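Colleague: Numbering (the working numbering), first residue to last: 4 to 298. Glycine included, C-beta positions come from ideal geometry on N, C-alpha and C. The model shown is predicted, which means the values in this text are computed figures rather than measured ones.
Set out below in structure tokens:
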């Protein structure tokens, strides 16, 4: 079983206007098209900050800060906060309300179109470092969760830790073990060790989403946990394996890869994997052996 993380709870005091006050002040409404569901519960906000375990000299990248309910807490703990927000109206709110925070930089951009290395290197705390380190904290819109996670984990340098709020079902898939693995689980666990921090009910947000959420902490690996010489090809094999749900590996791989069926069977035998197994039963190590055998 993967370990669970239970941060210490403590009273939270937020000396800032409430979310409703801010939205009225700027005549704003949550935009459904941008997946804007704002976390308002102070206990859950504090748990996210504690999971990030920020030090006074660390840089944190916040994705989708919205009206800044989490941003202001991060700024109290971290040395530098870089908040990337797509919505121009929210960018204006952030700059107006929190412009006095000297350790906060608000960037109007789509995180998927952003070069993270260039963004992070602009931080005043990191200008002398050729290989900056940073953490990521994000309340990810559900519709772009996979794309953002892939962008973050494949970027170089990658963040040393990610603390992300995602749909509860997605969080459970991230921390899955063999028997319930998915393409998402393999992709996440190839780059780091995910831990389910805590669940967040829909009522902790405004407006409440239709599903519950969960916070996942991911400490990234300096090197992959398995020997892989060609990462792109490794994931090509994994995607082929999961490409045909409920099909046996031999059939899914034959359908998704150019190799002949006999070659696929030979590779499975070389990797010590029963060809009748299904993709969700394979461990990360078995995927590594299989990709090497097929190539």
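Assess, as a yes-or-no matter, whether the region 265 to 285 is touched by the region 203 to 213 under the definition of 3 or more beta carbon pairs within less than 8 Å.
Modeller: Touching, no, given that fewer than three Cβ pairs across the two stretches are closer than 8 Å.
Colleague: Give me the Cβ distance between residue 188 and residue 196, rounded to the nearest whole Å; I'm assuming they're in contact under 8 Å.
Modeller: Contact flag wrong, Cβ pair sits at about 12 Å.
Colleague: Taking only three categories from DSSP, how would you classify residue 66?
Modeller: Strand at residue 66.
Colleague: Classify residue 265: buried if its beta carbon has 16 or more other beta carbons within 10 angstroms, exposed otherwise.
Modeller: Flag for residue 265 reads exposed.
Colleague: With distances taken from CA atoms, which of 182, 24, 162 is nearest residue 224?
Modeller: It is 162 whose Cα lies nearest to the Cα of residue 224.
Colleague: Starting from residue 192 and walking both ways along the alpha helix (DSSP H), at which residues does that stretch end?
Modeller: It spans 186 to 194 - the alpha helix (DSSP H) in which residue 192 sits, taken as one unbroken run.
Colleague: Between residue 98 and residue 293, what straight-line distance do the alpha-carbon atoms span, to the nearest angstrom?
Modeller: Taking the straight line from one Cα to the other gives about 51 Å.
Colleague: CB residue 112 to CB residue 139, shorter than 8 Å?
Modeller: Not in contact: residue 112 and residue 139 (Cβ atoms no closer than 8 Å).
Colleague: Can you tell me whether residue 47 is buried or exposed, with buried defined as 16 or more other CB within 10 angstroms of its CB?
Modeller: By the 10 Å Cβ count, residue 47 comes out buried.
Colleague: Does the separation of the CB atoms of residue 191 and residue 221 fall below 8 Å?
Modeller: Yes, they are a contact pair.
Colleague: Would you check if the region 252 to 268 and the region 150 to 158 touch, i.e. whether three or more CB-CB distances between them fall below 8 Å?
Modeller: Counting Cβ pairs under 8 Å, fewer than three are found: no touch.
Colleague: State the Cα-Cα distance for the pair residue 296 and residue 201, rounded to the nearest angstrom.
Modeller: Their backbone Cα atoms lie some 39 Å apart in a straight line.
Colleague: Distance check for residue 269 and residue 114, CA to CA, integer angstroms please.
Modeller: So the two alpha carbons sit approximately 42 Å from each other.
Colleague: Quick check on the DSSP output: the beta strand (DSSP E) that includes residue 221 runs from which residue to which?
Modeller: Counting along the chain, the beta strand (DSSP E) containing residue 221 begins and ends at 216 to 223.
Colleague: According to DSSP, is residue 258 part of a helix, a strand, or is it coil?
Modeller: Residue 258 falls in the helix class under three-state DSSP.
Colleague: Would you call the region 17 to 29 in contact with the region 66 to 80, where contact means no fewer than 3 C-beta pairs closer than 8 Å?
Modeller: They touch, by the three-pair rule.
Colleague: Within 10 angstroms of its Cβ, does residue 121 collect 16 or more other Cβ (buried), or is it exposed?
Modeller: The residue is exposed, with fewer than 16 neighbouring Cβ atoms inside 10 Å.
Colleague: Hey, which unbroken runs of the beta strand (DSSP E) at 3 residues or more fall wholly within the region 78 to 149?
Modeller: Counting whole runs of 3 or more residues, the region 78 to 149 contains the beta strand (DSSP E) stretches 83 to 88, 107 to 111, 138 to 142.
Colleague: So, with DSSP's three-state summary, where would you put residue 201?
Modeller: DSSP places residue 201 in strand when its eight states are reduced to three.
Colleague: Quick check on this structure: which residue in 174, 273, 181 has the alpha carbon closest to the alpha carbon of residue 287?
Modeller: It is 181.
Colleague: Alpha carbons only, please: which of 249, 104, 92, 29 is nearest the one belonging to residue 185?
Modeller: Residue 185 has its Cα closest to that of 249, out of 249, 104, 92, 29.
Colleague: Alpha carbon to alpha carbon, how far is residue 136 from residue 102?
Modeller: Answer to the nearest angstrom: the Cα atoms are 24 Å apart.
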